[in-house]
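Residue numbers (this note's numbering): 69 to 350.
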């Protein structure tokens, strides 16, 4: 790939975010033709934000920005998960674990983003915006969330294939992580144990986002299971509903789902190995 001939130095801004601003120092200028803006596609990214004169509420800027940040983070997580799957096939387990740790860190970006809404978006702001949204405007249609679930299935298949290829099982990876002596040089269980640990962190990052998102739903739309109104309702018909007409209780059900359900089998197997016959430890 050859470098562009342009100097890439910024010039006069061709676009502004808030053209009605009277104080020129508050005018948000962009699209100055710099290499930075072109290489990062920043002009395109900023152009995705709703113009200020179309916002139904000032907090809609925050609402949209958080969603865009989340989708960007999930898109990159998907990318790293795909790369990790390829490295598992190539038996490069240490680099695969590193990329999965990176995906987990990106998941924390999404967690922090939803926490901003949870802590700083007033309920009446959200409900005011919500009144203007058309039917079927729902986060359940998030392409990022859907693609993460699908990628997780494929990634887990590659993980199981790698463990089988090395003539191991997941229980042995738990043992390897808690080992008290150096392994044989040919033993790949310590490397795959790092992959397993990275998957646990990735699963945890997504679970943390779901937890905070569930609390966001409760704080904005209601329906907390311990609220007095919820206790008085015997059916889901009385619970708040999404703009698709579905009960928000489905968000609670989704929050309990794991990206990698089979990952937790080894945890149970290890517990049974230490506490046989379903004994309850003191």
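Using N, Cα and C, we set each Cβ at its ideal position, and we do this for glycine too.
Just so it is clear, the structure is predicted and the values come from calculations on it, not from any experiment.
Is it right to say residue i is buried, meaning 16 or more other beta carbons lie within 10 angstroms of its own, or is it exposed?
i: residue 244; result: buried
i: residue 339; result: exposed
i: residue 291; result: buried
i: residue 336; result: exposed
i: residue 343; result: exposed
i: residue 194; result: buried
i: residue 259; result: buried
i: residue 161; result: buried
i: residue 254; result: exposed
i: residue 116; result: exposed
i: residue 332; result: exposed
i: residue 264; result: buried
i: residue 192; result: exposed
i: residue 187; result: exposed
i: residue 284; result: buried
i: residue 334; result: buried
i: residue 223; result: buried
i: residue 83; result: exposed
i: residue 138; result: buried
i: residue 148; result: buried
i: residue 155; result: buried
i: residue 90; result: exposed
i: residue 341; result: exposed
i: residue 321; result: exposed
i: residue 261; result: buried
i: residue 225; result: exposed
i: residue 295; result: exposed
i: residue 249; result: exposed
i: residue 118; result: exposed
i: residue 312; result: exposed
Going by DSSP, what residues sit across from residue i in a beta bridge?
i: residue 83; result: 98
i: residue 309; result: 315
Just checking my contact of residue i with residue j at CB under 8 Å: how many whole Å lie between their CB atoms?
i: residue 100; j: residue 80; result: 7 Å
i: residue 178; j: residue 168; result: Not really, about 16 Å apart at Cβ, beyond 8 Å.
i: residue 282; j: residue 319; result: 5 Å
i: residue 143; j: residue 212; result: 6 Å
i: residue 85; j: residue 128; result: At roughly 14 Å, the Cβ-Cβ gap does not stay under 8 Å, so residue 85 and residue 128 are not in contact.
i: residue 220; j: residue 136; result: At roughly 22 Å, the Cβ-Cβ gap does not stay under 8 Å, so residue 220 and residue 136 are not in contact.
i: residue 310; j: residue 216; result: Contact doesn't hold; Cβ gap of about 20 Å is too wide.
i: residue 105; j: residue 96; result: That belief does not hold up - the Cβ atoms of residue 105 and residue 96 are roughly 13 Å apart, past 8 Å.
i: residue 189; j: residue 130; result: 6 Å
i: residue 316; j: residue 308; result: 5 Å
task: Would you mind listing the alpha helix (DSSP H) stretches within the stretch 187–273 that are 4+ residues and don't spill past its ends, in chain order?
output: Counting only runs of 4 or more, we get 191–198, 211–233, 238–245.
message: What ranges does the alpha helix (DSSP H) occupy inside the stretch 114–169, keeping only unbroken runs of at least 4 residues that lie completely in it?
response: 128–157
- request: Flag this pair as touching only if the stretch 162–173 and the stretch 260–275 have three or more C-beta atom pairs under 8 Å; answer yes or no.
  value: yes
- prompt: Taking contact to mean at least 3 C-beta pairs separated by less than 8 Å, is the stretch 107–116 in contact with the stretch 180–187?
  reply: no
query: Any chance the stretch 225–241 sits against the stretch 199–209, with 3 or more Cβ pairs inside 8 Å?
result: no
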